[in-house]
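In my numbering, the protein residues as written are 292 to 351.
Note that CB positions come from ideal geometry on N, CA and C, so glycine has one too.
Please read the structure below before turning to the comments.
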Amino acid sequence: MFCICSNKSIDEIVAAQADIPLPFTEMLECYSSCLDGCGSCIPVLRERVTGNELLLSEGD
């Protein structure tokens, strides 16, 4: 799957998150353009990083 707003594949975004884990909102800001774009990839990204335990909690 490809994130048109970010011009990156979902795998690229998830790989960046795996290298340097961030809280979800920060991940979207740093590794994608989903917050400024259409946002259609947000549920897929949430599922991928949550399922692989690649998220820091918002307080970390």
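Check, Outcome
"For the alpha helix (DSSP H) containing D327, list its first residue and its last residue.", "First-last for D327: undefined, no H or E at that position."
"Anyone know if the C-beta pair for L345 and P312 falls short of 9 angstroms?", "yes"
"Is the separation between the beta-carbon of S324 and that of S300 shorter than 9 angstroms?", "no"
"Please name the residue or residues paired with S300 in a DSSP beta bridge.", "F293"
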